[in-house]
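The structure under discussion appears below in the form of structure tokens.
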Amino acid sequence: MELQAEKTRILAIHAHPDDIEILAGGTLTLLAAAGHTISIVTMTPGDCGSADLPSDDIAAQRRNEAGSAASRIGAEYRCAEFRDMSIFNDDASRRRVVEILRRNKPGVVLTSSPIDYLCDHEATSVLVRDACFAAPLRNYTTRDVQAAAPLPAIPHLYFMDPVGGVDRDGQPVSADFYVDVETVFAKKTEMLARHASQRDWLMKHHGIDDYLVMMETHTRDIGQRAGLKLAEGFRRYKGHPYPQTPLLEELLGSQVAV
Ligand SMILES: [Zn+2]
Numbered sequence: 079m080e081l082q083a084e085k086t087r088i089l090a091i092h093a094h095p096d097d098i099e100i101l102a103g104g105t106l107t108l109l110a111a112a113g114h115t116i117s118i119v120t121m122t123p124g125d126c127g128s129a130d131l132p133s134d135d136i137a138a139q140r141r142n143e144a145g146s147a148a149s150r151i152g153a154e155y156r157c158a159e160f161r162d163m164s165i166f167n168d169d170a171s172r173r174r175v176v177e178i179l180r181r182n183k184p185g186v187v188l189t190s191s192p193i194d195y196l197c198d199h200e201a202t203s204v205l206v207r208d209a210c211f212a213a214p215l216r217n218y219t220t221r222d223v224q225a226a227a228p229l230p231a232i233p234h235l236y237f238m239d240p241v242g243g244v245d246r247d248g249q250p251v252s253a254d255f256y257v258d259v260e261t262v263f264a265k266k267t268e269m270l271a272r273h274a275s276q277r278d279w280l281m282k283h284h285g286i287d288d289y290l291v292m293m294e295t296h297t298r299d300i301g302q303r304a305g306l307k308l309a310e311g312f313r314r315y316k317g318h319p320y321p322q323t324p325l326l327e328e329l330l331g332s333q334v335a336v
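With the numbering used here applied, the sequence shown has no gaps in its numbers, which climb one by one up to 336 at the end.
Structure representation (structure tokens):
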């Protein structure tokens with residue numbers, strides 16, 4: 079009889095459609111290939127990500143793009159329906175994020191860096207961090223009409239790299255460990271390429287003329303820090319009640335470099 083390795087539910091939650099593909103698309107591809115269940119959640123549908131389309135139109139397009147990217151690795155996609163530049167660490171927002179966690183029941187949560195270039199990324203990080211703490215509390219209600227049950231425990235929490243791998247002063251943010259994504263880089267690129275609307279918008283707003291090249295440069299820069307060709311970095315959240323066993327590192331096995 080063959081032993082079935084235990085599978086884990088993994089939730090990646092970041093601010094906008096495409097952040098997860100850029101910062102963790104390779105790692106999620108490896109985890110999906112190992113049979114783990116992957117869910118991708120964005121806080122907003124990227125409703126400010128267009129210089130031409132009204133917000134509802136670009137939001138609809140970007141939900142479709144994010145769903146298509148997630149489907150490349152058999153992942154589920156959901157939008158938490160906050161709005162761009164309007165993610166705040168307040169009572170209602172924390173309850174909404176806790177409800178997402180309770181419905182998803184993750185063993186591992188990957189979220190945005192606490193320090194990053196964009197307010198939405200930083201607000202997402204603190205909301206997810208605190209929602210992980212609140213999700214098992216029996217007396218904490220989300221006030222949802224169909225509220226899911228509290229989680230059995232705080233999930234393992236990891237932060238992705240900030241965009242560009244640097245803080246607001248341009249200083250490198252070191253990861254605890256790096257995941258070698260060279261073997262799955264084509265799939266990571268394929269996922270990001272599904273976000274067709276963003277190539278055009280980045281050209282107009284940021285003056286960056288190649289979306290996919292920008293992602294490859296980022297992934298190479300992170301790889302260089304670990305002596306790898308292409309990598310993604312992660313930090314395990316060290317807060318005292320949060321699980322400190324290296325679950326994500328164990329799931330990724332030989333793909334991990336310290
Ligand atoms: Zn973003």
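Don't be surprised by glycine CBs; every beta carbon is placed ideally from N, CA and C.
Inset, instruction - With hydrogens ignored, establish whether the beta-carbon of residue 241 is closer than 8 Å to any heavy atom of ligand 1. - result: yes
Inset, instruction - With a threshold of 8 Å, establish whether the CB of residue 196 neighbours any heavy atom of ligand 1. - result: yes
Inset, instruction - Measure the CB-CB distance between residue 223 and residue 175 and report whether it falls below 9 Å. - result: no
Inset, instruction - Can you grab the Cα-Cα spacing for the pair residue 336 / residue 256, in whole Å? - result: 6 Å
Inset, instruction - State the start and end residues of the unbroken beta strand (DSSP E) segment that holds residue 385. - result: The shown model of the chain, from 79 to 336, leaves out residue 385, and the question about it has no answer.
Legend entry - Proximity of residue 237 and residue 297 at Cβ, strictly below 9 Å: no
Inset, instruction - Leaving aside the five residues before and after residue 276 along the sequence, list all residues of the same chain whose C-beta is less than 7 Å from its C-beta, in chain order. - result: 96, 127, 289
Inset, instruction - Alpha carbon to alpha carbon, how far is residue 112 from residue 79? Give it in angstroms, no decimals. - result: The pLDDT assigned to residue 79 is 44, lower than 50, so where the model puts this residue is not dependable; a value taken from the coordinates is nonetheless given after this. So the alpha carbons of these two residues sit roughly 19 Å apart.
Legend entry - Reduced DSSP category for residue 113 - H, G, I as helix; E, B as strand; rest coil: coil
Inset, instruction - Go ahead and pull the three-state DSSP assignment for residue 79. - result: The predicted position of residue 79 is uncertain, since its pLDDT is 44 and thus under 50; a value taken from the coordinates is nonetheless stated next. In the structure shown, residue 79 sits in coil (DSSP, three-state: anything other than H, G, I, E or B).
Inset, instruction - Kindly indicate which residue of 235, 177, 158, 261 has the alpha-carbon position closest to the one of residue 221. - result: 177
Legend entry - In DSSP terms, what residue 157 is bridged to: 120
Inset, instruction - Would you check if the distance between the CB atom of residue 160 and the CB atom of residue 317 is smaller than 9 Å? - result: no
Inset, instruction - Tell me whether residue 94 counts as near ligand 1, meaning its Cβ is closer than 8 Å to at least one heavy atom of that ligand. - result: yes
Legend entry - Per-residue DSSP class, three states only, for residue 235: strand
Legend entry - When 192, 202, 242, 282 are compared against residue 171, the one with the closest alpha-carbon: 202
Inset, instruction - May I have the straight-line CA-CA distance separating residue 153 from residue 285, to the nearest angstrom? - result: 31 Å
Inset, instruction - Tell me whether residue 130 counts as near ligand 1, meaning its Cβ is closer than 8 Å to at least one heavy atom of that ligand. - result: no
Inset, instruction - Would you mind giving the Cβ-Cβ distance between residue 320 and residue 235, rounded to the nearest angstrom? I have them listed as a contact below 8 Å. - result: 6 Å
Legend entry - Inter-stretch contact at 8 Å, needing at least 3 Cβ pairs: the stretch 130-139 / the stretch 223-233: no
Legend entry - Proximal residues to residue 84 (C-beta, below 7 Å), its chain only, five neighbours per side dropped: none
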